[in-house]
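Single-structure report; data block below.
Number of protein chains: 2
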Amino acid sequence: MSLNSATTDAISLTFAALADPTRRAILARLALGQTSVTELAAPFEMSMPAISRHLKVLEHAGLISRAREAQWRPCRLTPEPMKQAAEWLDAYRQYWELSFDRLDDYLQVMKAKETKRGRKSR
Amino acid sequence: MSLNSATTDAISLTFAALADPTRRAILARLALGQTSVTELAAPFEMSMPAISRHLKVLEHAGLISRAREAQWRPCRLTPEPMKQAAEWLDAYRQYWELSFDRLDDYLQVMKAKETKRGRKSR
Chain A
5 MSLNSATTDA
15 ISLTFAALAD
25 PTRRAILARL
35 ALGQTSVTEL
45 AAPFEMSMPA
55 ISRHLKVLEH
65 AGLISRAREA
75 QWRPCRLTPE
85 PMKQAAEWLD
95 AYRQYWELSF
105 DRLDDYLQVM
115 KAKETKRGRK
125 SR
Chain B
5 MSLNSATTDA
15 ISLTFAALAD
25 PTRRAILARL
35 ALGQTSVTEL
45 AAPFEMSMPA
55 ISRHLKVLEH
65 AGLISRAREA
75 QWRPCRLTPE
85 PMKQAAEWLD
95 AYRQYWELSF
105 DRLDDYLQVM
115 KAKETKRGRK
125 SR
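If you read the protein sequences in the order shown, they are chains A and B. For what it's worth, our numbering labels the leading residue of the first sequence as 5, then goes sequentially. For what it's worth, our numbering labels the leading residue of the second sequence as 5, then goes sequentially.
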């Protein structure tokens, strides 16, 4: 697998775009409705060029789009790429659920032992 | 938000680790059971140091762990961080489902128009 495939496949672009708290906060804001770049930038202590770079990463991953019709070119959420990312993760759901179940089993055994010990010391 | 928070919060580490096809392939292999680094590296046209770097990214994100007891130190899947990533994505499920529903509505309308037009031209 080349370095190029790592930077260009759609699901990698999605995960990379989501790997930043500012970009996730931008998506959370856009989930409330479309808005201007200026309004999007307002909550962050960040320069406009820095915000623009984040928006470009999100746009390149297909997670947001900029309207062409309106003069203020609002940003809006285009969440479809998240579906593919969620489906990829879903294939592993059984593994983390199993892990938690095992931990739960272990804790149940420990609790039972503790109760037994408690009874003996009475 | 500082650059530091972007590189250290758990969910960002998880998404960043998943943003690479080689690392996702390694996780898919480990879902079948624990194995050695040599066996993990076998399907990839990649140097051992390159594979080791990928494993370090996965280990740093908590997605894999290396056993300490066995001399061959097998790698195993520790999928718990994926749960947090899946939960983050789940909050957006309604948005991508809505988008697809809207597309579906649009296609239904287009189909109805097409049928109407077809009837007129008969």
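We put the beta carbon where it would ideally sit given N, CA and C, even for glycine.
- For ALA14/B, the number of other beta carbons within 10 angstroms of its own is below 16, and it is reported as exposed.
- For ARG70/A, the enclosing beta strand (DSSP E) stretches over residues 68 to 70.
- For LEU67/A, the closest C-alpha among the options LEU17/A, ARG77/A and SER56/A is that of LEU17/A.
- Taking CB atoms only, GLU73/A has no neighbour in chain B less than 8 Å away.
- Between ARG57/A and chain B, the shortest Cβ-Cβ separation is not below 8 Å.
- Around the beta carbon of ALA95/B, a 10 Å sphere encloses fewer than 16 other beta carbons of the protein chains shown; the residue is thus reported as exposed.
- By the neighbour-count definition (other C-beta atoms within 10 Å, threshold 16), TRP76/B is an exposed residue.
- For ARG77/B, there is no enclosing alpha helix (DSSP H), as DSSP gives it neither H nor E.
- Taken in chain order, the members of the stretch 73 to 96 of chain B whose beta-carbon sits within less than 9 Å of a beta-carbon on chain A are LEU81, THR82, PRO83, GLU84, PRO85, MET86, LYS87, ALA89, ALA90, TRP92, LEU93, ASP94, ALA95 and TYR96.
- From the beta-carbon of LEU22/A, the residues of chain B found nearer than 7 Å are PHE19.
- A straight line joining the alpha-carbon of ALA32/B with that of LEU22/B spans about 11 Å.
- Inclusion of ALA89/B and PHE19/B in the CB contact set at 8 Å is warranted, their separation being smaller than that value.
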